[in-house]
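In this note's numbering, the protein residues as written are 126 to 715.
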């Protein structure tokens, strides 16, 4: 039995019929994939994600947190639905179906996930008629955004030819534990609580001191919970969901980032802020104070990719919705995110999140139900106005059963007092900004979705006349990056020459293209243990990366795997050979 963390359990505390706590996505695939191919793909891979075959074991009387337990009665077909869109099979019908699927809570008597296979996408722009969609939902107690992306990496392929996996070895699954067994296990866990409390208290004290030092340096303190201004989007919700998405070309957003010197996330936040300002202003409901967003921040370490559960802290951010000019609004958001990151790195938020581990499950469950029943959220300022979550995805074609993924769009849960959540996903050059709401709060969500697209257009038009930062500083940075790149190539050559008999180095020829200020190409021959400048043919795989991104890897600020997922490291040719070459890189960087 694997206990849920306090943070994972919190999504169970919050859940009721009006507040289902699952996250979800809508994936659109090119061409007429048949349901049986989809089912066979899932059947051959479901064992690779253990959480998909585990269900909850609740502790009697709510004296402890639930456990994940292998479901001895697991039946894949109970988790796969097969439907067809009603005519004419347009975007309107697809988002309507997705909203209905997202409105229904998951059944806690089974593993907490479900996929709906949708045929009949016949009239959606830039989607071939007869294409299909898959609507996913999985409980937030099981995954966060990053672990969800890791899970999809298992279920999807990087090439049109599907990967093959060995079936799981046969093994006996023990019966589902009875209440007495769960109580006994919980009693042993409770015995270890005092030492855990001491540890977390120490971490919280250290984090608060670190945050104090950041404040003393003159960094602006982020907003605190329950100081957000009241707005129409911060009211009691119903159980019905509405959902939509705005699709933007990622290169357009990156161009704004490059011109302004902001991060990609800053630009996304500014786009959302512009749409929120316009939406509320047109209703005469724009508050004088800026709206406050809660931004989930992943705390997942490099060694924790592939593991399920939630590894996040939170950053509270002033969205500058009181600033009319879009460029000035972006500048203010940039300043606030820099300050927010400084405080988040101090660790206070993460330490507070750890305190969830000591909240009695039964008590928290009852308190939050009373909070919802008596609409307490209407009696105080919002904890925050909106959640905006941004999860980067792979910047390359992905496939299921040989069919290309065309679009990936996200969804996340709502609670009373927070009637709008915006999920941002990027995939293969497309950025999806997907708002989820309740018709009791935002019946005109389609209008807000349009404002997201128009906010991006407005910001782009306002930014284009601006010049790039000081060219001299840019030249100095380029020289430093070029020197670091040259040192890396020299180190790679030296590492190969000094390991003539290292059997761990696989054979293969690889073309390394480094782009940026000046393009360079290198041929790496693992068999000959040589590195030569120039193009060589044939190569098993070609790896392309900008010099600035390579410099971030060499500084230890960017993991090569993450660079690949984000499209900063592009691979053409034999993917498996490229992965073998990737295992050699840590020896060069070390």
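Beta carbons are placed, not taken as given, at the ideal position from N, Cα and C, and that holds for glycine.
Shortest Cα-Cα distance from residue 281 to any of 528, 651, 585, 511 involves 528.
Assignment of residue 276 by DSSP, reduced to helix, strand and coil, places it in the helix class. Scanning the segment 223 to 269 for uninterrupted beta strand (DSSP E) segments of 3 residues or longer gives 238 to 246, 256 to 264, listed from N- to C-terminal end. Contact between residue 444 and residue 356 fails: their C-beta atoms lie close to 11 Å from each other, not under 8 Å. Contact annotation: the segment 537 to 549 touches the segment 509 to 517, with at least three C-beta pairs closer than 8 Å. With respect to residue 392, residue 152 sits apart: the two C-beta atoms are not nearer than 9 Å.
Comparing alpha carbon positions, the residue from 366, 463, 411 closest to residue 148 is 366.
When only Cα atoms are considered, residue 261 and residue 613 end up about 42 Å apart. Between residue 700 and residue 351, the C-beta gap is not smaller than 9 Å, which leaves the two residues out of contact. Sixteen is the threshold: since fewer than 16 other Cβ atoms of the shown chains lie within 10 Å of the Cβ of residue 291, the residue is exposed. DSSP, read as helix, strand or coil, puts residue 514 in strand. Spatial neighbours of residue 170 in its own chain (CB-CB distance under 8 Å, excluding positions within 5 residues in sequence) are listed in chain order as 279, 280, 290.
One alpha carbon belongs to residue 382, the other to residue 649, and they sit about 34 Å apart. Residue 243 counts as buried, since no fewer than 16 other beta carbons sit within 10 angstroms of its beta carbon.
Excluding five sequence positions before and after residue 459, the CB atoms of its chain that fall closer than 7 Å to its own CB belong to 387, 391, given in chain order. Listed as beta-bridge partners of residue 535 by DSSP are 150. One alpha carbon belongs to residue 678, the other to residue 160, and they sit about 41 Å apart. Of the candidates 302, 590, 546, the residue whose Cα lies closest to the Cα of residue 181 is 302. Here the alpha carbons of residue 656 and residue 668 stand approximately 14 Å from one another. In this structure, residue 362 sits away from residue 378, with a CB-CB distance that is not shorter than 9 Å. Here residue 285 is exposed, its C-beta having fewer than 16 other C-beta atoms within 10 Å.
The C-beta of residue 451 has 16 or more other C-beta atoms within 10 Å across all chains shown, which makes the residue buried. Apart from sequence neighbours up to five positions away, the residues of its chain that approach residue 364 with a beta-carbon distance below 7 Å are 142, 143, 228, ordered along the chain. Listed in chain order, the non-local C-beta contacts of residue 638 below 6 Å within the same chain comprise 646, 669, local neighbours out to five positions each way being set aside. Listed in chain order, the beta strand (DSSP E) elements of length 3 or more contained wholly in the segment 373 to 418 amount to none. Residue state for residue 698 is assigned as strand, using DSSP reduced to three classes.
Put simply, the backbone Cα of residue 187 is about 29 Å away from that of residue 423. Between residue 621 and residue 575 a beta carbon distance of about 55 Å is seen, past the 8 Å cut, so the two are scored as non-contacting.
Distance from the Cα of residue 198 is smallest, within the candidate group 177, 213, 421, 558, for 177. For the pair residue 682 and residue 673, the Cα-to-Cα distance works out to about 11 Å. It is roughly 10 Å from the alpha-carbon of residue 204 to the alpha-carbon of residue 164. Under DSSP, residue 640 takes part in a beta bridge, and its partners are 671. Around the beta-carbon of residue 623, fewer than 16 other beta-carbon atoms lie within 10 Å, marking it exposed. By the CB criterion at 9 Å, residue 563 and residue 548 fall outside the cutoff.
Among the bridge pairs identified by DSSP, residue 180 is matched with 194.
Exclusion of the five residues before and after residue 400 leaves 573, 576, 577, 580 as the residues of its chain whose Cβ lies within less than 7 Å of its Cβ.
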